[in-house]
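Under our numbering, think of the first position of the sequence shown as 7, with each following residue one higher. What follows is a set of notes on a single structure, which appears directly below.
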Amino acid sequence: MYVSAPVNAFYRPQVSVAPREASIEIDLSPEFHHPLGAAHGSIYFKMLDDAAFFAAASLEREVFLLTASFTIHLFRPVSEGVLRAEGRVLHEGRTQYGAASELFDAQGRRIAAGSGVFLRSRTRLADLEAYRSSAGG
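Now the structure itself:
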């Protein structure tokens with residue numbers, strides 16, 4: 007479901023999900039750059055949010071999660087290579103999850119970090135055609 011989302015035709019991410027954790031990889035290309043030639047902050051946000059979201063979603067079997075809030079901290083610019091975001095669950099509650107993520111460049115340097123709150127929605131996963139047709143992936 008994630009990889010086939012229309013927005014991801016542009017980013018072409020790779021995703022890996024395990025219980026309580028997830029990772030996202032994107033091969034950075036010049037089309038993701040701002041005018042100074044480095045990755046735009048929206049790439050950082052997308053990868054950090056997606057990794058934290060899927061870490062939380064790995065624990066949720068009934069309903070779709072929604073990002074309620076997400077804070078990011080940018081540490082250094084990057085202009086090329088494969089970026090990797092790693093997310094992990096920090097808190098599991100009855101109605102919400104807390105998760106954090108870190109973003110690394112191709113040399114393994116931490117270039118950004120983020121954390122967020124993900125709420126249980128009223129949308130059942132079983133009611134989503136994209137979820138059913140992808141067997142939940």
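Cβ coordinates follow ideal geometry from the N, Cα and C atoms, glycine included. Computed from a prediction, not measured in an experiment: that's the story for all the values here.
Let me check understanding here. Comparing Cα to Cα, which of 63, 18, 11 lies closest to residue 103?
63
Kindly give me the distance between the Cβ atoms of residue 78 and residue 38, rounded to whole angstroms, as I take these residues to be in contact under 8 Å.
Contact doesn't hold; Cβ gap of about 16 Å is too wide.
Who are residue 103's beta bridge partners in DSSP?
98, 124
Can you grab the Cα-Cα spacing for the pair residue 55 / residue 43, in whole Å?
23 Å
Quick one: measure Cβ to Cβ for residue 73 and residue 124, integer angstroms, because I've assumed they're closer than 8 Å.
6 Å
Per the DSSP calculation, residue 46 is bridged to which residue(s)?
Bridge partners of residue 46: none, in fact.
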